[in-house]
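What follows is a set of notes on a single structure, which appears directly below.
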Amino acid sequence: MAHRLTTCTFCGVGCGLYLETADNRVIGVSPSMSHPANQGKICLRGWHIHEVISTPDRLRTPMIRKDGQLREAGWDEAFDFIARRLKEIRDKHGPDSIAFLNSPRCSNEETYLLQKFGRTVIKTNNVDHGAGVYSNNSTDVLMEMIGVPATTNSFNELGKSDVIIVSNVDLGKRLPTIAGAVIRARLDGAKVIVTGTRSHRVVKNADIFLQNKPGTDALLYGAMTKVIVDHGLMNLPFIKKHCSDFDNFLSTIVNFDLLEASEVCGVQAELIEEAALAYAGAGSAAILYSTGLEYGSTDAIKAMVNMCLVTGQIGKEGAGLFALTEHNNLQGACDMGMLPDRLPGYGQVTDAAVRAEFEKKWKTGIPAKPGIAAKWVLSDRGKGSIHAVWLCRYDPVSTAFFTNAEESLKQCDLVIMQHLFLTESAKYSHVVLPTAMFGEEQVTFTSGERRIQLAKQVIDPPKGITPGWHHIMQVAQEMGADWRYESAADIMDEIGTVVPFYSGASHENLAREYGRQWPCTKDKPLGTSFLFEDGIPGQCFKFMRVERHDELFATSREYPFLLVLGHSLYYWHRNVLIRHSETLKREYQVPLLDYPEGFAGMHPDDAKQLGVRDGDRIRLRSDSGSIVTVAALSHEVRSGTLFMPFFVKQVEQQIQGPGRSGLHLIKVNVEKEAQ
Amino acid sequence: MNPDDNIYLPRIAVVDRVSDEIPEVKTFYWHFEDDADQQAFRKFRPGQFAQVSIFGVGEFPASLPPSPTEDETFFTVRSVGSCTAALHQLKPGDKFGVRGPYGNGFPMEEYYGRSLVFVAGGIGLIPLRSCIVYALKNREKYDRILVFYGARSPRELMYLPSLREWERSAGIECRLTVDRKGPEDEWEGNIGVVGSLFKIPGTNIPVDNTIAFVCGPPVMFRFVIRDLLGLGFREQDIVSTLERYMKCGVGKCGHCCIGVAYVCTQGPVFTYEQIRNLGEDI
Amino acid sequence: MKARILDRRDVLKIVDLLKRQGYEVIAPFRGRGRDTFFDTVSDENRERIELHLPNPYYPPKRYVLPHIEPLLNAHSGNGGIRIQPTFDDPKRAIFGIRSCDVAGIYHLDRFYIGREFRDTYYERRRKNLFLVNMVCTDPGEDINRECFCMCADTGPASRDHFDMQLMDLGDEFMAVAGTARGEALFDDPIFTRGGEGHLKRRAEILNGVRSHFKNTTRSWFSAAVRQITQGTVLEKTWEEVGDRCLECGGCTYVCPACTCFTVSDRKVAPGEVERVRVWDSCALLGFTRMAGGHNPRRAVHDRRNRRFFRKLEHHFIERELSMACVGCGRCAAVCHGDVGMPSVVEMIRRATMETDNNES
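Chains as they are written, first to last, in this note's numbering: chain A, 10 to 684; chain B, 16 to 297; chain C, 7 to 366.
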């Protein structure tokens, strides 16, 4: 038996854990006591990772579709097929007819090569990661306002925060290790403030719960900021020294009157005021939100960043903004340029100077036109322009809600799938390449606290199976690219030359301690535990105006309820890794078994008024569609709202009517159906 | 079972025939491939259960509806989860696994000389069938035998041929009821919950020196218990069998433990007095 | 029990002796930072075995009850099914197992092979397992912040259930044989007879170590046993515990005395299935959910309550002749919401005091 320290592959916390192996099998898992992100704790998913890694049900040979059936094929045959078909489709429809989508669980190395393949071999910017189906809001806002699209501080600093605000995320279900850090911080004296529509486990451990109406986050944080301004609690020296556009921002703050906001958000004014004063008065205060916000607008994130800047709660230990990532390498996928408009390191593809730099390093031209985002590739094939899709460990048919993935893939001339298992999406694939699993290859992942970690190889992959990056390199070579990477470490070395904040992150350096938090440069090889720890350079922060869009959530007498379509809370329920673990499968199946046709969560008070009992069939009607579902009464749901999780896919189309995809907040009325 | 046996090793069984009982419920007649297993198994007691394996899907506990006095071994199973659904796919000649019998069973010998009142709802008749058949086979050992059985509708009455036979038979008083009947149902009998049978004029339920067997869905269970206590039954004279999520059936996996009791080894048969003192919801 | 003395420099020779007898020897090593773990001793890592270090977090119970374990393979084909049990029961010795974990294995012994329906898989592994217990004598290294073996009455030195016990006396170690096969090792010349002085030194060291434990509340521990047995713990307390539980299952997985498992079938190849058992946890929603949807323990605080009930209820302690809590403190270290055993005992105590104050 042997033990090796590695990092968990599920969510963005990046917990350190040890895998125990015997005879090339993973036989157990236990958390690291010393890893700064998790300090001896892991969640249910981590505790069962060995079940996933040891699953016997793996893809073992490449497959090519012949006569409608996927049939076993040789590796060379598969690579030839892919290269030939890609060339044909590129020649016929142009490079922008091909799209590359990966899972935000792919390694940095694999992600980097996939986007490089798209940009330099095919010559398209149609590259995106699976979480891009929802939004890259956080990336864009943080880039603009603080210049760095990532969590500013470290998870273990939450133990040093005086005030922690948890905005609209059920940490207990989605990022339990962070939930634990928040609960323990409170036991040690921190004040915990939760905002959001749903009640959840962390709320039970909070000092203040601002249960605002869905869609009113920007207004709520705007009002809190105005309270801070009105009380003269702004950090003026900080603002003057480090922030631009303050006056412009200040001129809009009149739109966020406390009493009016209280009315519209449905939250007591005293509570809003108390929360704002606690935040402003704290020695260090942190704001936590998820980048997987369901109905979180860019405005909501802007409002939170404005509040942070007004009080100067950034650039110090225990403060800052925590843009939590719910996939283990969502941060890394963005860092690696798996974005249709940004190159590795976040330079814009439209910026000629940035492109020139890359063209010099990559020794080839790259396209200037931003690519088509995953959401549109999977919704309508970019208005029908996409003819081929490369899916790297990504199963959109199972997990990309708010799209029309099944139909889109069906219409493609070529679907290339790299995966561990025969997924739902493989049904529409023309070629399937089995890849090495977590634990079978030595690669890196970047967690939600910018921690680049080396996930060790602890066992050999099944016979004949190579890492996913290797397949990409093989196809690139077939198509004439002179790519020669001996190992993932070689790829990381190249990443260091194009992404400045990864320049010190060689595998050798990452193998020490617990990885390195970027910026990890040649000058700062030990990395950066919180951003701006060496001082805040000049005027590097920028305030932004927040507009009000009350029409999005204003209900009417005719449609008095706000229906929230939530996917994140139940994201893992459909995840292909979960389905290959004995225990996780059982646990995550419970709501699917209890409610095979889905459900609408409803507050018991609302139910009582409508005469609806738990389990009754109800009809929800919007101005463009309707659906019958089952009422699930829960005190977690805010009165006046309905919450529908997204494991039944037809829901959205039925309720919104055709062609109105993408709204996550829908105004509806409710009727009890005949039982 | 030999103490050195591997407690988790199922024996191979073969399906002889399958009969549709009521919607979603089928009866599977089967025998062990190895006759020694068959002989050992047939020493089961009414109220015991067995672990049924569908390889590739899993294992689940199933009560034993036959009486040990009968020749055939069979399960009657409702399709509710993945394992039971897989069992429902089996056809004559198909093979599966069986371990058991497990659990305490009803102490039928202790009840000699007493009257037996069976109250069952829906598929709650499955475990009680074993006792009823056993008691009829040993008719002279018991005083009166009464069966009160209710289902949601006439089409959901289990073991209908047996019920009709019991209705006609002299040694047993059998009363049936349904919650409701559809327009197409031919039903002349009582309509109402099981407890309503107790109140039909002329019904004379013995209480002294009587054991009441109660088995059925949770709501029915609660109301029938209330009625029986109202009739004057003592808590220790009401017996039932409990259902629980189980993985091993032999007191190891921990899933079925209620309070301090392992349902698989200390149960599944408990008196109502014991159930009330388990300290947890059932 | 017989005792012998051996030179400090000879302690690791016990590992060699066991290896020569054909044992795979497991010993504790250091990982990164505070991390430690049990691992197989090889020629390469022998010198890195640590005699004093924080007790590894991943409990050695997995050598008798693996985290995941194939029970059998079923092959179907040609109209038949062939079932093959799969045993993995090498001759194995744990060198340096702590007293709390010895108590844990004893509890598992009682549970798995102490009554009817003896668990074949457990029994075969247990028969082949040799335990060399190391007494926790170095307060700086051996005793964690969370340790409370004094309360659970399992340490710092086991009284029984080991094959051999080692205790650090400084330049020498005292070895105590707990079984005949342990005593048989004394034939080797590294062991010599000791004297009164050694016994005195042992007693002094143990007294010293005991004083290093946090002044934990032994009496409150028995008070918690009483309250749980009598069912007088307030519902409010269980709800508070439930509110802080994030349902990870960690406390049950790291617990040396937790026994629950689930069984699942995995498809290996067409016509081939393996049936595995994996550790399960009463913290989880699916633990008691029945097909069809009825779940008697749906609320999280009911599930949390279960763990403490199972560990501290008097009936179970009597049934296994040992408590299912051995005072190792792992559940406290693993818990996201700080509702491990010591905290919960403390919460029960506090709630009782409040009630008492209100009543008086």
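Ideal Cβ positions, reconstructed from N, Cα and C, are used throughout, including at glycine. Just so you know, these numbers come straight off a predicted model, no measurement behind them.
Taking a C-beta cut-off of 7 Å against chain B, the contacting residues of the segment 82 to 102 of chain C are S82, G86, I87, I89 and P91, listed in chain order. Contacts between R295 (chain C) and chain B, judged by CB atoms closer than 8 Å, involve Y260 in chain order. A291 (chain A) sits in coil when the DSSP states are folded into three classes, being neither helix nor strand. The segment 251 to 258 of chain A makes no contact with the segment 280 to 297 of chain A; the number of CB pairs closer than 8 Å stays below 3. The beta carbons of A159 (chain A) and A332 (chain A) sit about 6 Å from each other, so the pair counts as a contact at 8 Å. Membership of S63 (chain A) in any beta strand (DSSP E) is not indicated, and neither H nor E is assigned to it by DSSP. The C-alpha of V306 (chain C) lies about 19 Å from the C-alpha of L601 (chain A). In this structure C334 (chain C) does not touch D148 (chain C) by the C-beta definition: roughly 12 Å separates them, more than the 8 Å allowed. Judged by DSSP in its simplified three-state form, V21 (chain C) adopts helix. Using a Cβ-Cβ cut-off of 8 Å, G120 (chain B) does not count as an interface residue toward chain C, since no Cβ of chain C sits closer than that to its own.
For P62 (chain C) and P65 (chain A), the gap between their C-alpha atoms comes out near 29 Å. Within 8 Å of the CB of P25 (chain B), the CB atoms of chain C belong to I89, in sequence order along the chain. In summary, L245 (chain A) is exposed, with fewer than 16 beta-carbon neighbours lying within 10 Å of its beta-carbon over all protein chains present.
The C-alpha of C272 (chain B) lies about 11 Å from the C-alpha of R313 (chain C). K41 (chain B) and I141 (chain B) have their C-alpha atoms roughly 11 Å apart. Less than 8 Å separates the beta-carbon of Y149 (chain B) from that of P61 (chain B).
In the structure shown, V599 (chain A) adopts helical secondary structure according to DSSP, grouped into three states. For E288 (chain B), no CB of chain C lies under 8 Å from its own CB, so it is not counted at the interface with that chain. With a beta-carbon spacing of about 16 Å, W45 (chain B) and D35 (chain B) fall beyond the 8 Å limit used to define contacts. The Cβ atoms of A485 (chain A) and V130 (chain A) lie closer than 8 Å to each other. For the pair G181 (chain A) and H138 (chain A), the CB atoms are not nearer than the 8 Å cut-off. Proximity of K110 (chain B) to chain C, defined by a Cβ-Cβ separation below 8 Å, is satisfied. Counting along the chain, G210 (chain B) sits inside no beta strand (DSSP E); it lies in the alpha helix (DSSP H) bounded by residues V209 to F213.
In the structure shown, W202 (chain B) falls within a coil segment according to DSSP collapsed to helix, strand and coil. Using a C-beta cut-off of 8 Å, the segment 192 to 206 of chain A makes contact with the segment 157 to 172 of chain A, since at least three inter-stretch Cβ pairs fall below that distance. Between D344 (chain C) and S112 (chain A), the alpha-carbon positions lie close to 34 Å from each other. Annotated as proximal: E87 (chain B) and P81 (chain B), with beta-carbon spacing under 8 Å.
DSSP, reduced to helix, strand and coil, places P81 (chain B) outside both helices and strands of the structure shown, so it counts as coil. Apart from the 5 residues on each side of it in sequence, G524 (chain A) sits with its Cβ closer than 7 Å to the Cβ of R460, I461, Q462 and L463 in its chain, given in chain order. In the DSSP annotation of this structure, the continuous segment of the alpha helix (DSSP H) that includes T408 (chain A) starts and ends at P405 to T408. Annotation: the continuous beta strand (DSSP E) that includes M72 (chain A) extends over M72 to K75. Listed along chain A, the residues sitting closer than 8 Å to A339 (chain C) by beta-carbon distance are M42 and G49. Nearest CB-CB separation between V269 (chain C) and chain B: below the 8 Å threshold. When C-beta distances to chain C are compared with 9 Å, the residues of the segment 189 to 202 of chain A below that value are G189, A190, I192, R193 and L196, in chain order. Shown here for Q90 (chain C): same chain residues with a beta carbon closer than 7 Å to its own, the five before and five after excluded, namely L78 and N79 in chain order. Under the Cβ criterion (8 Å, minimum of three pairs), the segment 273 to 281 of chain A counts as touching the segment 210 to 230 of chain A.
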